[in-house]
Amino acid sequence: MIGVIGVIGVIGLIGLIGLRRGQARGAPWVLWGLAEAPPGLLGPQGLLELLPGLGPRLAAPGPLPGLGPRLAGLGLLLSLGPLLGPLGPLLGPLGPLLGQEALGQSTPGPMEAWRSVGPPGIRDLVDVAIHPERPGTWVGITATGGVWHSRDAGLSWHEILAPIPGMLSSDEDRLIDVEGRLGELTGAPELLDGSDLTGGDLEAYEDELAELEAAARDAAAQLQSELEGDPWFLQADPDEIETRPRVRFSSGGDLLVARRDGLLRQDAERLGEIRAWSALLDTPVTSVAELGGADGPGSLVIGSPGGVFGSLGALGLVPLVPELEGIAIHDLVQDRGLFIASDAGLWRVVPGRAPEQLATGEVLTARWIGGRGSDALGPAVVIGRSRGLGRIEGVSGAPEVQVAALAGVRSIALHPDGGLIAASLQGVFRSTDGVTWVPWGRGLAGGIGGEVPRVVSRGSVVLLASSEGLHQLGEHRPDALLVGPVPWIPLSVLLEASLARPGLTARPGTRWIAAVMPQITASYQRRDERGSAWDTDSWTTQGVQGYWLAAMSLTWRPGRASTSSGDDPLQVFTIGDDLVVDDGISPAVLFGRVSRSAIRYRDELAAQISGLYRTRQALAAGRADPRRRTLLQRVQLQLQLDEVEAQLDALTHGVVSARAATHPDPIP
2 MIGVIGVIGV IGLIGLIGLR RGQARGAPWV LWGLAEAPPG LLGPQGLLEL LPGLGPRLAA
62 PGPLPGLGPR LAGLGLLLSL GPLLGPLGPL LGPLGPLLGQ EALGQSTPGP MEAWRSVGPP
122 GIRDLVDVAI HPERPGTWVG ITATGGVWHS RDAGLSWHEI LAPIPGMLSS DEDRLIDVEG
182 RLGELTGAPE LLDGSDLTGG DLEAYEDELA ELEAAARDAA AQLQSELEGD PWFLQADPDE
242 IETRPRVRFS SGGDLLVARR DGLLRQDAER LGEIRAWSAL LDTPVTSVAE LGGADGPGSL
302 VIGSPGGVFG SLGALGLVPL VPELEGIAIH DLVQDRGLFI ASDAGLWRVV PGRAPEQLAT
362 GEVLTARWIG GRGSDALGPA VVIGRSRGLG RIEGVSGAPE VQVAALAGVR SIALHPDGGL
422 IAASLQGVFR STDGVTWVPW GRGLAGGIGG EVPRVVSRGS VVLLASSEGL HQLGEHRPDA
482 LLVGPVPWIP LSVLLEASLA RPGLTARPGT RWIAAVMPQI TASYQRRDER GSAWDTDSWT
542 TQGVQGYWLA AMSLTWRPGR ASTSSGDDPL QVFTIGDDLV VDDGISPAVL FGRVSRSAIR
602 YRDELAAQIS GLYRTRQALA AGRADPRRRT LLQRVQLQLQ LDEVEAQLDA LTHGVVSARA
662 ATHPDPIP
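Residue numbering for the sequence shown is 2 to 669, as defined by the numbering used here.
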């Protein structure tokens with residue numbers, strides 16, 4: 002009797018401690034090990050008698066290498082009730098340890114990865130905001146000040162505010178610098194006109210032209226070498242004050258946009274309307290936040306290249322921190338008051354208290370952590386600087402300690418499961434204690450570009466805005482089938498659709514192309530009479546950064562009687578809510594939860610490809626007729642042609658380059 006009581010006590014303690022510490026997932030392993038005890042001892046029947054109602058739950062969870070015998074041994078020990086009964090309370094703490102070991106050796110759970118969520122074709126995002134009450138409503142802003150809005154967690158986007166007129170993106174700035182460097186490399190050759198030359202003069206002209214072409218190639222090679230090394234001519238003026246566009250939602254749901262041309266607001270009732278903007282300021286604004294607001298909307302705080310100011314409504318702006326007048330403000334972070342990151346250090350403002358300086362020197366951002374029960378992070382303040390991350394224990398008076406050499410950290414967000422996520426020039430990193438940081442960039446195959454990304458979070462939603470577009474952090478299973486993105490619909494099909502040719506059509510007046518489908522999971526039926534086969538059970542398509550990819554295990558094998566080739570278009574059209582793919586041999590009907598609402602129209606993508614195609618044709622024609630062009634003009638023409646073809650490659654996943662090797666004209 003004592004032994005039975007001891008066993009029940011041990012199992013009860015295992016369950017209570019495991020549940021309390023979030024390790025209940027290990028309990029089935031413990032119980033299964035006990036149930037595998039040798040016959041004659043406390044076997045399965047005896048265990049089920051002791052634990053009524055748990056029988057249906059004791060299905061074997063699967064193979065667990067190395068742990069089954071150990072747990073069976075524990076079952077043997079526990080079955081010796083009369084001897085080990087008094088030791089039951091002492092063995093109880095082993096429960097969570099066994100649960101940890103079982104979890105550690107079981108099938109890996111979901112891991113996190115970033116996935117692209119749009120806007121399509123827009124890559125130079127510098128900030129994003131999440132609505133305080135509707136987590137699926139997002140607003141992003143580009144480097145040129147264009148504002149994009151989504152109501153459905155990134156499935157569809159539309160522009161609600163145009164970029165600042167005349168403002169150049171980082172790529173356009175680089176192009177201007179490259180052109181200047183080309184001028185230095187090539188000088189200013191005289192204009193050569195060979196239109197009226199004949200005989201020997203024409204031969205001399207052609208010889209001189211050949212020399213100029215060689216010089217142009219040398220200049221282009223020199224420029225490429227410099228770009229791959231240290232492009233000194235692209236370095237920005239260190240004295241120039243940088244104004245990065247920012248977007249924020251107020252506590253009441255109003256949208257605030259801070260740009261070089263001032264501060265704009267869109268009321269919550271008219272969110273998403275193109276003409277619903279009101280101008281609050283017409284001077285450069287670097288950041289905006291709220292102060293107070295515990296019982297309602299707080300007062301606006303505005304950061305600028307010349308200080309931080311509080312808004313008094315009709316009375317205008319007043320300096321919030323007099324010591325920061327004339328100082329550039331980098332970030333305003335609302336958390337336990339207001340943290341002000343500036344060129345003159347980190348300041349904290351709490352209503353009813355005097356402003357307090359926490360750190361000196363240039364500070365790019367900050368984040369308060371801790372103060373949430375048993376949170377291992379703090380309380381502390383993590384500080385982002387140009388050359389690393391610092392940490393101040395507590396708030397007042399403690400010295401700053403550098404914890405990580407991450408360059409250019411401009412944003413730090415809270416992870417939904419605890420810990421922090423920081424976005425830096427070196428990528429995205431996560432920390433569970435605010436001290437040790439590990440890379441957290443799974444899914445960012447294209448990197449983050451040349452600009453510093455910005456990470457924001459609200460509840461369970463974590464978004465990353467960077468030069469490569471907008472990404473969301475979500476679950477990813479490493480044991481799932483990983484198939485790299487591969488091109489499926491050739492460029493010729495997209496061009497046919499963009500030019501309104503009979504390539505991909507659904508009904509009169511509506512063009513459906515593969516690039517319009519953001520995400521569709523479908524199964525298929527095929528009628529195959531000539532040996533063609535679609536080798537897959539299901540596949541997924543997804544729009545990624547402005548071009549269409551298919552992440553799938555789908556392969557198409559045409560029959561021997563087929564005349565199709567890899568460059569021939571696949572006819573894709575719809576019948577009702579079904580997708581139909583015609584490979585030229587037999588149609589394959591794709592079906593499975595495909596509805597009109599699940600398909601995003603992407604005519605702008607086809608128009609972009611068509612426009613690039615026409616531009617490329619015009620540049621190629623100009624290259625074929627080199628007369629009346631200086632050397633610098635010829636070099637610029639070649640670089641422009643290379644740039645257009647590179648953009649076409651990006652939009653078509655390398656189709657242009659692949660065809661250029663075997664076709665005189667890479668685009669049909």
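In this text, a Cβ means the ideal position worked out from N, Cα and C, and glycines have one as well.
So, residue i versus residue j, is the Cβ gap smaller than 7 angstroms?
i      : j      : result
Leu292 : Val302 : yes
Val118 : Gly155 : yes
Asp344 : Glu363 : yes
Val289 : Leu257 : yes
Ile131 : Arg459 : yes
Ala381 : Glu394 : yes
Ser151 : Trp139 : yes
Gly346 : Thr361 : yes
Leu281 : Arg266 : yes
Gly307 : Pro320 : no
Leu426 : Gly409 : yes
Val383 : Gly435 : yes
Arg116 : Gln473 : yes
Write down the C-beta distance between residue i and residue j rounded to the nearest angstrom, noting that I regard them as a contact closer than 8 angstroms.
i      : j      : result
Gly146 : Arg247 : Actually they do not touch by this definition, with Cβ atoms about 10 angstroms apart.
Ile161 : Gly273 : 6 angstroms
Thr284 : Gly263 : 6 angstroms
Ile330 : Ser305 : 6 angstroms
Gly475 : Ala114 : 7 angstroms
Val322 : Pro352 : In fact, because the Cβ distance is near 14 angstroms, the residues do not count as touching under 8 angstroms.
Leu407 : Trp438 : 7 angstroms
Would residue i be called buried (16 or more neighbouring beta carbons within 10 Å of its own) or exposed?
i      : result
Pro121 : buried
Gly201 : exposed
Leu359 : buried
Asp128 : buried
Ser461 : exposed
Glu207 : exposed
Ala589 : For Ala589, the predicted model reports a pLDDT of 36, less than 50, meaning its position is unreliable and no value from the coordinates is stated.
Glu530 : Residue confidence for Glu530 is low, a pLDDT of 36 falling below 50, so the modelled location carries little weight; the figure read from the coordinates is stated next. By the neighbour-count rule (16 or more Cβ atoms within 10 Å), Glu530 is not buried but exposed.
Ala622 : exposed
Ile242 : In this prediction, Ile242 scores a pLDDT of 42, lower than 50, which makes its location untrustworthy; no coordinate-derived value is stated.
Ser251 : buried
Val402 : exposed
Leu649 : buried
Ala424 : buried
Ala342 : buried
Ser468 : buried
Ala647 : exposed
Arg368 : buried
According to DSSP, is residue i part of a helix, a strand, or is it coil?
i      : result
Gly16  : With a pLDDT of 44 at Gly16, under the threshold of 50, the modelled position of this residue cannot be trusted; read the value that follows with caution. Note: Gly16 maps to helix in three-state DSSP.
Pro320 : strand
Ala154 : coil
Gly201 : helix
Val383 : strand
Gln335 : strand
Gln648 : helix
Leu213 : helix
Gln358 : strand
Ala552 : In this prediction, Ala552 scores a pLDDT of 30, lower than 50, which makes its location untrustworthy; the coordinate-derived value is nonetheless stated afterwards. Correct three-state label for Ala552: strand.
Val636 : helix
Glu469 : coil
Ala269 : helix
Arg407 : Just to set this straight, residue 407 is Leu in the shown sequence, not Arg. Three-state DSSP puts Leu407 in coil, outside helix and strand.
Thr616 : helix
Asp262 : coil
Leu474 : strand
Excluding the five sequence neighbours on either side, which residues of its own chain have a C-beta within less than 8 angstroms of the C-beta of residue i, listed in chain order?
i      : result
Val645 : Leu613, Thr616, Arg617 and Leu620
Thr143 : Ile123, Asp125, Leu126, Val127, Trp149, Pro164, Ser170 and Pro246
Asp153 : Gly137
Using a Cβ-Cβ cut-off of 6 angstroms (strictly less than) and excluding sequence neighbours within five positions of residue i, which residues of its own chain qualify?
i      : result
Ala414 : Ile422, Val456, Val457 and Ser458
His416 : Ile422
Gly254 : Ala269
Trp441 : Val429, Phe430 and Arg431
Ala399 : Ile393
Arg249 : Ala130, Leu257 and Val289
At the 7 angstroms Cβ level, is residue i part of the contact set with chain D, yes or no?
i      : result
Ala405 : No chain D appears in the structure shown, which is made up of a single protein chain.
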